[in-house]
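Asker:
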Amino acid sequence: MSKHWLRNMLMGLTVAVGIGVGLGHAQPVHAAEPTYTIGTVDSFEPFEIPNNKGTYTGKNPGIEIEMLQQIAKHEGFKYNLKVMSFDATLTALQAGQIDASMGGMSVTDERKATIDFTKSYYDSGVVMAVAQDGPIKSMKDLKGKTVAVKAGTSGAIYAKSIAKKYGFKLKYYKTDNTMWSDVQNGNSAATFDDEPVLRYGIRNGMKLKVITKAVDSQPVAMGVKKGQNQELLQKLNDGITWMEKTGRMQKLLDKYTKGSGTKTDGAAQRTIMGLLKANKGALWDGLVATLELTLVGAALALVFGVVLGVMGIADGKFFPWLSATIIYIFRGMPMIVLAFFIYIGMPSVIGHKVPLFTAGVLTLMLDEGAYVGAIVKGGFKAVDRGQWEAARSLGLPYGKALRKVIMPQGIKIMVPSLVNQFIITLKDTSILSAIGVMELTQTGTVIISRNMEGFKMWLIIGVIYIVIITLLTWLSNYVQRKLA
Amino acid sequence: MDKQYKIQVQDLHKSYGDNEVLKGISLNVKPNEVVCMIGPSGSGKSTFLRCLNKLEEPNRGHVYVDGYDIADKKTNIDLVRQNIGMVFQHFNLFPNMSVAENIMLAPVQLNKMSKEEARTAALHYLDIVGLKDKADVNPTTLSGGQKQRVAIARALAMKPDVMLFDEPTSALDPEMVGDVLEVMQALAKEGMTMVVVTHEMGFAKRVADRVVFFHDGVIKEQGTPEEIFDHPQQPDTKSFLDKVLNV
């Protein structure tokens, strides 16, 4: 499971919120009871299942969250949850910023050196799952077939180690839901994944079945910093023992991993209207974030693009060269690479974190700005050379000739392309979901990881995009008519 | 540099790549003088004219206007240009402004006049070129001859000492040519210093103090209209005039 989180660190695919957003829900504090700060991860089904706002205040928040709720009540303590990435929980634990951490954490010898673990309450191993009514009965049937795995997970590592022996090919996915759908639809023959993760998916309606025993089993536990917080460790251990003895633990595990086809949400919430109703807050927030990114990103891209465009038509060689080079670089680079570079690569160079929204807006500014730059340059160049000569021969300096004569004519030429670019910017904000910006697409990913309603949710989100773009197109047509 | 000349050009060279367009031109223009430049296409006369206000940058040689060396980097070319009006073959009116705004732009932007003064001046110059009623229309609605007269009014509004005309009637329908030449002739009569590149031999004959014949990047011959048109000395001049006068 450790590799699973390595993947998260590398790709920045934090599902719910960025590291910087240290959300938690405060419990009422009573003087009599101690209060602990407990760090957990931003999502790791079925241990941590964020609600559609990325917090754990919902009805089925996951095995570990519910476990902690029960233990705290039984042992008489309060806690604040701090949500962060898995790697951040480990760092925060060592730094003393949190008293304990949890997040489907495997007990490894390496970690034992710095962490005192609680009793384990779950053994997580890799299992293979296939389509419920598919032809695959065992690993032997996989010869020549394709197997779906999630990049960086222990499932992927295990599958790779046996791929040659059983003669199958691997296909890598980023999200569980897409991967499982692929197996369910028969595009891939099977998938390997952590057992609890798979069981949770099946429980939530994926038409898959587990057909192997767990291998590479590793115990899962909570942890405190080595030698610290022994009182809390004791309480947690007592609580886990109590839950196991009273059958509460098994009941809780079964709730999230046993059975199939019965989903955590009711059937009424499975219709399009139901899904819309249940998720309207999250979808609205996602839409607002998308619009914010679009507006701020497009405004900055316009400024950057105009600078590039003006440089592109300047006298001399240097500025046109510089402009052309900048445009070449940012147009040539896929936006997702640029986003990763800014969000994940830059901090190590500049020495501090780039906030998520800033990284998103910066990505849009540079990428869309390069396109705007090319449009502006082209627009200016399309203005007849004679206009320059007439303005300059009257004695107008370069800047005044540009502003008063060339720009007004150039802008008219540019407007349709700029409007088009604006709409592309809106669509391109969805690429920022790759670094975990909670815009509309990422909101969809998070909601689907909860309810497994891939088809209906993507349909809803697709329609929202089209509606917004239609409105924008009307608006821009109106503006263009006014300008003409 | 001689103060008695409005424009003084010394040994001007201009090349585009390997193609030498001007091969060492020297020419002086006195105040109030009207100089017409004639010659075959590609002989360098337009390029020469455009060197006079630095729309083209010469490779070698000097151009002095009102005593300022315009090749000198220290010379503020924008200030020099304010005193040199230029009229183009293709008018180059600003389509994003009305006729009056075209004329008002430079005086207002360069703080020569307030908006009200500039408007009054624009109407005055439009009156001179016979287009006062067109002040508030968009220039794209005008005929070619009207456009060119607006362009002349626009240049005049900066109250220049020198006017440069680059084939001002070449893009006009024949029936429009007369109106434009009439305005130019009136200007000459009032004593404007003018350098005109033209194919209108009749105009050159009537209005020019001096006619300069360009051929292959050099000045082949110059003199009064009588000298050039009636008694050309150079075979190239004769052959050119034969072609253009006997159509």
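Protein chains in written order, with the working numbering: chain D, 1 to 484; chain C, 1 to 247.
Quick reminder that beta carbons are idealized off the backbone N, C-alpha and C, glycines included.
All values reported here derive from a predicted model rather than from experimental measurement.
Can you tell me whether DSSP reads leucine 172 of chain C as helix, strand or coil?
Answerer: Within the second sequence, numbered from 1, the residue matching residue 172 of chain C stands at position 172. Three-state DSSP puts leucine 172 of chain C in coil, outside helix and strand.
Asker: Please determine, among C/Gly39, C/Asp78, C/Ala122 and C/Gly202, the residue with the shortest C-alpha to C-alpha distance to glutamate 132 of chain C.
Answerer: The sequence position of residue 132 of chain C within the second sequence is 132, counting from 1. Rather than glutamate, the amino acid found at residue 132 of chain C in this sequence is lysine. Per the Cα distances, C/Ala122.
Asker: Assuming aspartate 254 of chain D is part of the alpha helix (DSSP H), what are its boundary residues?
Answerer: Residue numbering aside, residue 254 of chain D sits at position 254 when the first sequence is read from its first letter. Its alpha helix (DSSP H) spans residues 248 to 257.
Asker: What residues from chain C crowd round glutamine 409 of chain D, counting only those whose CB sits closer than 9 Å?
Answerer: Within the first sequence, residue 409 of chain D is the residue found at index 409, counting from 1. Neighbours of glutamine 409 of chain D on chain C, chain order: Phe94, Pro95 and Asn96.
Asker: Might you give, ordered along the chain, the residues of its own chain that have their beta carbon closer than 6 Å to the beta carbon of histidine 30 of chain D, omitting 5 neighbours on each side?
Answerer: Locating residue 30 of chain D in the first sequence gives position 30, where the first residue counts as 1. Reliability fails at histidine 30 of chain D, whose pLDDT of 46 lies under 50, so the model's placement of it is uncertain and the value that follows must be treated cautiously. Cβ neighbours of histidine 30 of chain D beyond the five flanking positions: none.
Asker: Which residue comes first and which comes last in the beta strand (DSSP E) that contains phenylalanine 229 of chain C?
Answerer: Position 229 of the second sequence holds residue 229 of chain C. Phenylalanine 229 of chain C -> no beta strand (DSSP E), and no H or E assigned at all.
Asker: Going by CA-CA distance only, name the one from D/Leu338, D/Leu275 and D/Ala131 that's closest to glycine 454 of chain D.
Answerer: Within the first sequence, the letter at position 454 stands for residue 454 of chain D. Checked all of D/Leu338, D/Leu275 and D/Ala131; the closest Cα to glycine 454 of chain D is D/Leu275.
Asker: With a cut-off of 8 Å, does the C-beta of aspartate 66 of chain C fall near any C-beta of chain D?
Answerer: By 1-based counting over the second sequence, the position of residue 66 of chain C is 66. It does not: the Cβ of aspartate 66 of chain C has no partner Cβ on chain D nearer than 8 Å.
Asker: Determine the closest residue to valine 361 of chain D out of D/Tyr371, D/Met346 and D/Ala339, with distance taken between C-alpha atoms.
Answerer: As a working mapping, residue 361 of chain D is identified with position 361 in the first sequence. Ranking the options by Cα distance to valine 361 of chain D, first place goes to D/Ala339.
Asker: Using DSSP with H/G/I as helix, E/B as strand and the rest coil, what is serine 417 of chain D?
Answerer: On the first sequence, residue 417 of chain D is found 417 positions in, with the first residue counted as 1. In the structure shown, serine 417 of chain D sits in a helix (DSSP, three-state: H, G or I).
Asker: Quick one: any contact between the stretch 340 to 356 of chain D and the stretch 374 to 383 of chain D, if contact means 3 or more CB pairs under 8 Å?
Answerer: Short answer: they don't touch.
Asker: Can you have a look at arginine 385 of chain D and say buried or exposed, based on whether 16 or more other CB atoms are within 10 angstroms of its CB?
Answerer: Here residue 385 of chain D corresponds to residue number 385 of the first sequence, with the count starting at 1. Arginine 385 of chain D comes out exposed.
Asker: Under 8 Å between C-beta atoms, does leucine 402 of chain D make it to chain C?
Answerer: Position 402 of the first sequence, counting from 1, holds the residue named residue 402 of chain D. So no, leucine 402 of chain D is outside the interface.
Asker: Is there a Cβ of chain C sitting closer than 8 Å to that of glutamine 480 of chain D, yes or no?
Answerer: To locate residue 480 of chain D, count along the first sequence from 1; it is residue 480. By this cut-off, glutamine 480 of chain D is not an interface position.
Asker: The alpha helix (DSSP H) spanning glycine 130 of chain C covers which residue range?
Answerer: Position 130 of the second sequence, counted from the start, is the residue given in the question as residue 130 of chain C. From DSSP, glycine 130 of chain C is part of no alpha helix (DSSP H); its letter is neither H nor E.
Asker: Report, in whole angstroms, the separation of the C-beta atoms of tyrosine 125 of chain C and alanine 157 of chain C, which I expect to be a contact under 8 Å.
Answerer: Along the second sequence, read from residue 1 onward, the residue named residue 125 of chain C stands at position 125. Along the second sequence, read from residue 1 onward, the residue named residue 157 of chain C stands at position 157. Yes, they are in contact, since the Cβ atoms of tyrosine 125 of chain C and alanine 157 of chain C sit about 5 Å apart, within 8 Å.
Asker: Report the rounded CA-to-CA distance for glutamine 234 of chain C versus glutamate 226 of chain C, giving the unit in angstroms.
Answerer: Mapped onto the second sequence, residue 234 of chain C falls at position 234. Mapped onto the second sequence, residue 226 of chain C falls at position 226. Looking at the two C-alpha atoms, the distance is approximately 14 Å.
Asker: Using three-state DSSP, classify valine 137 of chain C as helix, strand or coil.
Answerer: Stepping through the second sequence from its first residue, residue 137 of chain C is reached at position 137. Correct three-state label for valine 137 of chain C: coil.
Asker: Just verifying my parser: in three-state terms, what is the DSSP assignment at isoleucine 336 of chain D?
Answerer: The residue given as residue 336 of chain D occupies position 336 in the first sequence. DSSP places isoleucine 336 of chain D in helix when its eight states are reduced to three.
Asker: Answer yes or no: do valine 126 of chain D and alanine 190 of chain D have a C-beta to C-beta separation smaller than 8 Å?
Answerer: On the first sequence, position 126 is the one that residue 126 of chain D refers to. On the first sequence, position 190 is the one that residue 190 of chain D refers to. No. Outside cutoff.
Asker: From the DSSP output, read off the bridge partner residues of glycine 43 of chain C.
Answerer: As a first step, residue 43 of chain C is located in the second sequence; it is residue number 43 there, counting from the start. Reading the sequence as shown, one finds serine at residue 43 of chain C and not glycine. Answer is none; serine 43 of chain C lacks a bridge partner.
Asker: Assign isoleucine 466 of chain D to buried or exposed, taking buried as 16 or more other Cβ atoms, counted over all protein chains shown, within 10 Å of its Cβ.
Answerer: The count along the first sequence starts at 1 and reaches residue 466 of chain D at position 466. By the neighbour-count rule (16 or more Cβ atoms within 10 Å), isoleucine 466 of chain D is not buried but exposed.
Asker: Methionine 37 of chain C and valine 196 of chain C: beta carbons closer than 8 Å?
Answerer: Translated into the one-based positions of the second sequence, residue 37 of chain C becomes position 37. Translated into the one-based positions of the second sequence, residue 196 of chain C becomes position 196. The answer is yes: Cβ separation under 8 Å.
Asker: Using a 10 Å radius around the Cβ and a threshold of 16 neighbouring Cβ atoms, would you call histidine 352 of chain D buried or exposed?
Answerer: Mapped onto the first sequence, residue 352 of chain D falls at position 352. Exposed is the call here.
Asker: Does any residue of chain D bring its CB to less than 8 Å from the CB of asparagine 28 of chain C?
Answerer: One-based indexing of the second sequence puts residue 28 of chain C at position 28. Not one chain D Cβ lies under 8 Å of asparagine 28 of chain C.
Asker: Only counting the same chain, and skipping five residues up and downstream in sequence, which positions put a Cβ closer than 8 Å to that of histidine 90 of chain C?
Answerer: To locate residue 90 of chain C, count along the second sequence from 1; it is residue 90. These residues qualify, in order along the chain: Ala171.
Asker: Could you confirm whether any beta carbon from chain C is found closer than 8 Å to the beta carbon of glycine 395 of chain D?
Answerer: Counted from its first residue, the first sequence places residue 395 of chain D at position 395. Interface residue, yes.
Asker: How many angstroms separate the CA atom of threonine 108 of chain D from the CA atom of methionine 222 of chain D?
Answerer: Taking the first residue of the first sequence as 1, we reach residue 108 of chain D at position 108. Taking the first residue of the first sequence as 1, we reach residue 222 of chain D at position 222. One C-alpha to the other measures close to 12 Å.
Asker: Given this structure, state the Cα-to-Cα distance separating proline 355 of chain D from isoleucine 342 of chain D, to the nearest angstrom.
Answerer: Translated into the one-based positions of the first sequence, residue 355 of chain D becomes position 355. Translated into the one-based positions of the first sequence, residue 342 of chain D becomes position 342. About 10 Å.
Asker: Restricting to Cα atoms, I'd like to know which of C/Ser43, C/Asn92, C/Leu142 and C/Val65 is closest to isoleucine 7 of chain C.
Answerer: Working through the second sequence from its first residue, we reach residue 7 of chain C at position 7. Among C/Ser43, C/Asn92, C/Leu142 and C/Val65, the Cα nearest to that of isoleucine 7 of chain C is on C/Val65.
Asker: Using a Cβ-Cβ cut-off of 6 Å (strictly less than) and excluding sequence neighbours within five positions of glycine 410 of chain D, which residues of its own chain qualify?
Answerer: Counting from one through the first sequence, the residue named residue 410 of chain D turns up at place 410. Contacts found: Gly379, Phe380 and Val383.
Asker: For tyrosine 121 of chain D, does the three-state DSSP call read helix, strand or coil?
Answerer: Position 121 of the first sequence holds residue 121 of chain D. It is coil, neither helix nor strand.
Asker: Going by DSSP in three states, aspartate 285 of chain D sits in which element: helix, strand or coil?
Answerer: On the first sequence, residue 285 of chain D is found 285 positions in, with the first residue counted as 1. Residue state, collapsed to three classes: helix.
Asker: Assuming threonine 473 of chain D contacts isoleucine 423 of chain D (C-beta within less than 8 Å), just tell me the rounded distance between them.
Answerer: The residue given as residue 473 of chain D occupies position 473 in the first sequence. The residue given as residue 423 of chain D occupies position 423 in the first sequence. Correct: roughly 7 Å between the Cβ atoms.
Asker: At 8 Å on the CB atoms, spell out the chain D contacts of leucine 55 of chain C, in chain order.
Answerer: In the second sequence, residue 55 of chain C corresponds to position 55, counting from 1. Within chain D, the residues near leucine 55 of chain C are Glu389, Arg392 and Ser393.
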